[in-house]
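S.K.: Mind looking over this structure? Questions follow.
Numbering (the numbering used here), first residue to last: 20 to 225.
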């Protein structure tokens, strides 16, 4: 049985309560720090995120207008392809790969498809971690650590080395481990969207 004076010592119970609270806070902080490091390392080890292919695919035949020219101009300057006028209405260009262009792009039917990895990137910091088990939503900051020389085909929207970008990912806990389900990196997706716009304006030659 506890001595009576213990029940009347407010300072003692305040100290005990503070100690318990501190222990809980330290435990929560440690778990939070561990989970953040776990998610960061998981993303950095996930090959499709860490070393992504350049997901560029566009029509071999495109409308001969300023919009198409603006998207394809970087590849022209790099000597990856040429634009050959084709007869008919509306005016159309045929994208012809050069010898250099064939090193990193392929013609598949009437599509031009990139065949190289854009580079490597690394998550440096988790900005926010939320969601309800078994799902996690992670907002993160990352930077490119290397870039393929032909990344410049993206023009002014091409990624830059050592510059900080932000993205988010969804993870799912399955079979005793976290798995990356999906991720989004808006700056890169906006750059790729310029090539996708060529598809909507493409006019195949018949």
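For glycine and all other residues, C-beta sits at the position ideal for the given N, C-alpha and C.
The structure displayed is predicted, hence computed values, not measured ones.
Assign residue 196 to buried or exposed, taking buried as 16 or more other Cβ atoms, counted over all protein chains shown, within 10 Å of its Cβ.
M.R.: Walking along the chain shown from the start, residue 196 turns up at place 177. With fewer than 16 other Cβ atoms within 10 Å, it is exposed.
S.K.: How many angstroms separate the CA atom of residue 65 from the CA atom of residue 199?
M.R.: Counting from one through the chain shown, the residue named residue 65 turns up at place 46. Counting from one through the chain shown, the residue named residue 199 turns up at place 180. If I take the Cα positions, the gap works out to 8 Å.
S.K.: I believe residue 97 touches residue 179 by the beta-carbon criterion, under 8 Å. Please report the beta-carbon distance rounded to the nearest angstrom.
M.R.: Taking the first residue of the chain shown as position 1, residue 97 is located at position 78. Taking the first residue of the chain shown as position 1, residue 179 is located at position 160. Contact flag wrong, Cβ pair sits at about 17 Å.
S.K.: State buried or exposed for residue 59, treating a residue as buried only when at least 16 other CB atoms are found within 10 Å of its CB.
M.R.: The residue labelled residue 59 in the question sits at position 40 within the chain shown. Counting Cβ neighbours within 10 Å, residue 59 comes out buried, since at least 16 surround it.
S.K.: Taking just the CA atoms, how far does residue 151 sit from residue 118?
M.R.: In the chain shown, counting from the first residue as 1, residue 118 sits at position 99. In the chain shown, counting from the first residue as 1, residue 151 sits at position 132. About 52 Å.
S.K.: Would you grab the beta carbon distance between residue 162 and residue 136 for me? Rounded to a whole angstrom, and I think it's under 8 Å.
M.R.: Counting from 1 along the chain shown, the entry for residue 162 is found at position 143. Counting from 1 along the chain shown, the entry for residue 136 is found at position 117. Between residue 136 and residue 162 the Cβ distance is about 17 Å, and since that is not below 8 Å, they are no contact.
S.K.: Roughly how many angstroms separate the alpha carbons of residue 4 and residue 192, rounded to a whole number?
M.R.: Because the chain is modelled from 20 through 225, residue 4 falls outside the range shown and cannot be assessed.
S.K.: For residue 210, which option in 78, 187, 90 and 112 has the closest C-alpha, if you only look at C-alpha atoms?
M.R.: Here residue 210 refers to the residue found at position 191 when the chain shown is read from its first residue. The candidate whose alpha carbon is nearest that of residue 210 is 90.
S.K.: Would residue 114 pass as a contact of residue 131 if the rule is Cβ separation under 8 Å?
M.R.: Counting from 1 along the chain shown, the entry for residue 114 is found at position 95. Counting from 1 along the chain shown, the entry for residue 131 is found at position 112. For residue 114 and residue 131, yes; Cβs fall inside 8 Å.
S.K.: What number of angstroms, rounded off, separates the C-alpha of residue 79 from the C-alpha of residue 103?
M.R.: Along the chain shown, one-based indexing puts residue 79 at 60. Along the chain shown, one-based indexing puts residue 103 at 84. Cα to Cα, the separation comes out at about 11 Å.
S.K.: Please classify residue 186: is it buried, with 16 or more other beta-carbons within 10 angstroms of its beta-carbon, or exposed?
M.R.: Here the question's residue 186 lines up with position 167 in the chain shown. The residue is buried, with at least 16 neighbouring Cβ atoms inside 10 Å.
S.K.: Is the beta carbon of residue 77 closer than 8 Å to that of residue 214?
M.R.: The residue labelled residue 214 in the question sits at position 195 within the chain shown. The residue labelled residue 77 in the question sits at position 58 within the chain shown. It is a contact, given that the beta carbons lie within the stated cut-off.
S.K.: Report the option in 134, 138 and 153 whose CA atom is closest to the CA atom of residue 194.
M.R.: Numbered from its first residue, the chain shown carries residue 194 at position 175. For residue 194, the nearest C-alpha among the options comes from 153.
S.K.: Note down the Cα distance separating residue 69 from residue 107, rounded to an integer number of angstroms.
M.R.: Taking the first residue of the chain shown as 1, we reach residue 69 at position 50. Taking the first residue of the chain shown as 1, we reach residue 107 at position 88. Rounded to whole angstroms, residue 69 to residue 107 spans 45 Å at the Cα level.
S.K.: I think residue 93 touches residue 173, with their Cβ atoms under 8 Å apart; what is that distance to the nearest whole Å?
M.R.: Within the chain shown, residue 93 is the residue found at index 74, counting from 1. Within the chain shown, residue 173 is the residue found at index 154, counting from 1. That belief holds up - the Cβ atoms of residue 93 and residue 173 are roughly 7 Å apart, short of 8 Å.
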